[in-house]
Amino acid sequence: MARILIVDDSIVSRKKLKIILEEGGHQVAGEAGEGLEAIQKYKTLSPDLVTMDVTMPDMDGVSTLKLIIEYNPSAKVIMITSLGKNTTMLEALSAGASDFITKPFSDRQVRDVISGVLEHSV
700 MARILIVDDS IVSRKKLKII LEEGGHQVAG EAGEGLEAIQ KYKTLSPDLV TMDVTMPDMD
760 GVSTLKLIIE YNPSAKVIMI TSLGKNTTML EALSAGASDF ITKPFSDRQV RDVISGVLEH
820 SV
């Protein structure tokens, strides 16, 4: 079981992810609706993994990712995007993202990507 921090400005997306993660046997360590809050919660909670929305109001997901990786270079962060912008995903992956999920996502897709990232970290 992994402790996961969900970062998304959409309450609906956070609720959906929380249900998928808990049904998959994971613990939701916390939730954040924007980048600065996500960084503070990451430092406080030390989650095993973070799901990070790319588009957020105060600080975008890639900028938030970079600060989390700067704080902990071995952080596991899965980016979640509805944009389908390959350049944004390439930037996120080169900045240290472990993988990404495209919205709308399925329960299976989320579980498979998370399992893959967690297995590679053992």
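To convert, count from 1 in the sequence shown and add 699; that's the working numbering.
Note that beta-carbon positions come from the ideal geometry of N, C-alpha and C, so glycine has one too.
Since we're looking at a predicted model, the values are computed, not measured.
Express the C-alpha separation of residue j and residue i in angstroms, rounding to a whole number.
i	j	result
G724	P756	30 Å
S709	E733	10 Å
I718	S762	27 Å
L735	L704	13 Å
A737	L716	16 Å
D806	M788	21 Å
D811	T780	16 Å
H819	Y770	21 Å
Which residue's Cα is closest to the Cα of residue i: the options?
i	options	result
A791	R702, L764, G732 and F804	L764
E722	M700, K740, L735 and G729	M700
D759	D707, A728, V809 and T801	D707
V816	S805, K802 and G795	G795
S773	R702, V727, S805 and S797	S797
M778	K802, N771 and E769	K802
K742	I768, S793 and Q808	I768
The ligand MG and residue i: does the residue's C-beta get closer than 6 Å to at least one heavy atom of that ligand?
i	result
K715	Inclusion of the ligand MG in the displayed structure is not the case, the ligand content being empty and no account of it being possible.
Whole-angstrom Cβ separation of residue i and residue j, contact assumed at under 8 Å?
i	j	result
S712	D747	Going by Cβ atoms, the distance from S712 to D747 rounds to 20 Å, so no, they are not a contact pair.
G729	K740	5 Å
First and last residue of the alpha helix (DSSP H) that includes residue i?
i	result
G815	D806 to H819
E722	I710 to E722
Would you mind reading off the limits of the beta strand (DSSP E) that contains residue i?
i	result
D707	Per DSSP, D707 belongs to no beta strand (DSSP E) and is neither H nor E.
A731	Q726 to A731
Item checked: Segments of 4+ residues assigned as alpha helix (DSSP H) that fall wholly inside the segment 740 to 796 -> Counting only runs of 4+ residues, the alpha helix (DSSP H) found wholly inside the segment 740 to 796 occupies 760 to 770 and 785 to 793, in chain order.
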